[in-house]
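S.K.: Please see the structure below; I have some questions.
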Amino acid sequence: MNEPDTVVTASTLYVVPTPIGNLDDITYRALKVLKNVDVIAAEDTRNTRQLLKHFAINTQRLSAFHDHNEKQKTDYLLKKLQDGQSIALVSDAGTPLINDPGYYLVRRCRESAIRVIPLPGACAAITALSAAGVASNRFCYEGFLPA
1 MNEPDTVVTA STLYVVPTPI GNLDDITYRA LKVLKNVDVI AAEDTRNTRQ LLKHFAINTQ
61 RLSAFHDHNE KQKTDYLLKK LQDGQSIALV SDAGTPLIND PGYYLVRRCR ESAIRVIPLP
121 GACAAITALS AAGVASNRFC YEGFLPA
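Quick note on numbering: the sequence shown equals residues 1 to 147 in full-length UniProt numbering.
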């Protein structure tokens with residue numbers, strides 16, 4: 001199931017996982033998407049700016065998208081998608097929407113028939129499970145432990 005080389009498509013939301021700790025753990029495909037989208041909607045622009053600078057990716061396309069502005073910013077991003085722009089949604093570490101903002105934007109995209117492409121990558125729950133030394137054919141993820 002080989003797809004052609006990653007090309008960013010207009011009017012598409014890309015859900016892009018980011019590294020958990022080691023910046024070099026990002027996928028090649030994620031880097032290509034981040035280099036080519038029109039907007040990068042970031043949970044924490046400080047963390048994302050550091051990641052982008054590490055890989056010499058332009059940081060001027062960053063737009064803050066976090067728990068406190070998600071509903072208001074969704075309309076803004078949805079309009080950009082409807083106008084033909086491409087957007088990457090990133091969290092500060094790991095896979096967006098897994099204990100991170102973004103579900104409202106993705107739902108609105110689905111309701112508006114806007115293409116959503118999730119990229120595979122870092123996920124703290126799966127990473128921890130792979131090193132736990134337990135049978136992993138069944139497990140339940142119930143969120144992060146309380147601080």
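By construction, the Cβ of each residue, glycine as well, lies at the ideal position given by its N, Cα and C atoms.
(1) Using beta-carbon positions only, say whether G102 and A124 come within less than 8 Å of one another.
(2) Among the residues of its own chain, which have a CB less than 6 Å from the CB of D38, if the five just before and after it don't count?
(3) DSSP three-state call for A14: helix, strand or coil?
(4) Is there contact between the segment 111 to 125 and the segment 42 to 61, where contact requires at least three CB pairs shorter than 8 Å?
(5) Quick one: what does DSSP say S130 is sitting in, helix, strand or coil?
(6) Please report the residue range of the beta strand (DSSP E) in which R115 lies.
(7) Under three-state DSSP, which class holds V90?
(8) How many angstroms separate the CA atom of G121 from the CA atom of V16?
(9) Just mark P96 as buried or exposed, buried being the case when its beta carbon has 16 or more other beta carbons within 10 Å.
(10) Compute the Euclidean distance between the alpha carbons of S11 and V106, then round it to the nearest angstrom.
(11) If you draw a straight line from the C-alpha of D67 to the C-alpha of T48, how long is it?
(12) Assuming L62 is part of the beta strand (DSSP E), what are its boundary residues?
(13) Applying the criterion that 16 or more other CB atoms from any shown protein chain within 10 Å of the CB defines a buried residue, is S130 buried or exposed?
(14) My understanding is that residue 159 touches E70, with C-beta atoms under 8 Å, so please give their C-beta distance in whole angstroms.
M.R.: Result, derived from the coordinates:
(1) In this structure, G102 sits away from A124, with a CB-CB distance that is not shorter than 8 Å.
(2) Closer than 6 Å at Cβ, skipping near neighbours: Q85, S86.
(3) The question names Ala, but residue 14 in the sequence shown is Tyr. Of the three classes helix, strand and coil, the one that applies to Y14 here is strand, per DSSP.
(4) Because the criterion of three Cβ pairs below 8 Å is not met, the segment 111 to 125 and the segment 42 to 61 do not touch.
(5) The answer is helix: DSSP assigns S130 an H, G or I state.
(6) If you look at R115, you'll find it in the beta strand (DSSP E) that goes 115 to 118.
(7) Reduced to three states, the DSSP call for V90 is strand.
(8) Whole-angstrom Cα-Cα distance: 8 Å.
(9) P96 comes out buried.
(10) When rounded, the distance between both Cα atoms is 13 Å.
(11) In this model, D67 and T48 are separated by some 16 Å (Cα to Cα).
(12) L62: member of the beta strand (DSSP E) spanning 62 to 64, first to last residue.
(13) Classification for S130: exposed.
(14) Any question about residue 159 goes unanswered here, given that the chain covers just 1 to 147.
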